[in-house]
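First up is the structure itself, then whatever we jot down about it.
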Amino acid sequence: MFVIPMTRHSADLSQRIERLFNVDPDARALRSPALDVSETEQGYTLQLDLPGVAKEAVKIRIEGRRVSIDAEQPLPAALPEGERILHRERSVTRYSRSIALPLELDQAGSTAKLDNGVLTLSLAKRVPAGAGDLSVS
C-alpha cells in the first residue's frame, strides 16, 4: 500500500498518476457533463455544461422519452513552425450523457441552444392522441 500526500497540487498528482500508468496525453477523456432538469406543463428544460465545444460538434438524439447528447472538443490547432509544447494540462474531451424523462418527447417541438458553454434543450412533451371511436365494419 502506498500513500499519496494530499498537500501536493492536484495537477502535479494527476501528472504523476499519468506517468505511473503511462496514460496517452493525446487520448480523449470521456466526461459526463453536469446536468440540470426542470419541468413545465408543456415540456422539460435541460441545461448541460459543455465548455470549449462548438455548436457544430454537438449531436442530440431523441428516441421516445430518452435524450442522448454527445459532443467533442476540437483537436488543438497545429503549432506554428519552430514552436513546441513545454507543458500541457488541458486535453481534448468528449462529452456524453443520456437521460430518460418521464414522458415521451416531441422532436418537432423541441429546440437546442448553445451559449457560453451551456447547452440548453427545450424539449416539448408529446401530446397523447385524444380518445376516439372505432367503428365496426
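Be aware that the sequence shown starts at -2, since it is given in the numbering used here, and climbs by one per residue. From the three backbone atoms N, C-alpha and C, an ideal C-beta is built for every residue, glycine too.
Who does residue i pair with in a DSSP beta bridge?
| i | result |
| --- | --- |
| L32 | L45 |
| I59 | V64 |
| T136 | An answer regarding residue 136 cannot be provided, because it is not within the stretch -2 to 134 covered by the chain. |
| A97 | R63 |
| R91 | L27 and E69 |
Going by the beta-carbon positions, is the gap between residue i and residue j smaller than 7 Å?
| i | j | result |
| --- | --- | --- |
| A31 | L47 | no |
| L120 | G40 | yes |
| K97 | R123 | Correcting the residue identity first, residue 97 is Ala in this sequence and not Lys. It is not a contact, given that the beta carbons lie outside the stated cut-off. |
Below 8 Å on the Cβ atoms is my guess for residue i versus residue j; work out the distance and round it to an integer in Å.
| i | j | result |
| --- | --- | --- |
| L43 | V34 | 5 Å |
| L45 | R94 | 6 Å |
| I57 | I66 | 5 Å |
Among the options, whose alpha-carbon lies nearest the alpha-carbon of residue i?
| i | options | result |
| --- | --- | --- |
| D112 | S29, Q39, P77 and K52 | K52 |
| T117 | V124, P73, T108 and R123 | T108 |
| L37 | Q104, L100 and A26 | The residue asked about is misnamed: residue 37 is Thr in this sequence, not Leu. Checked all of Q104, L100 and A26; the closest Cα to T37 is L100. |
| P125 | L83, D103 and I82 | D103 |
| Q70 | H84, V50, A105 and L83 | V50 |
In the structure shown, what three-state DSSP assignment does residue i receive?
| i | result |
| --- | --- |
| A54 | helix |
| F(-1) | For F(-1), the predicted structure reports a pLDDT of 47, less than 50, and the residue's modelled location is therefore unreliable. A value from the coordinates is still provided. Reduced to three states, the DSSP call for F(-1) is coil. |
| E38 | coil |
| L102 | strand |
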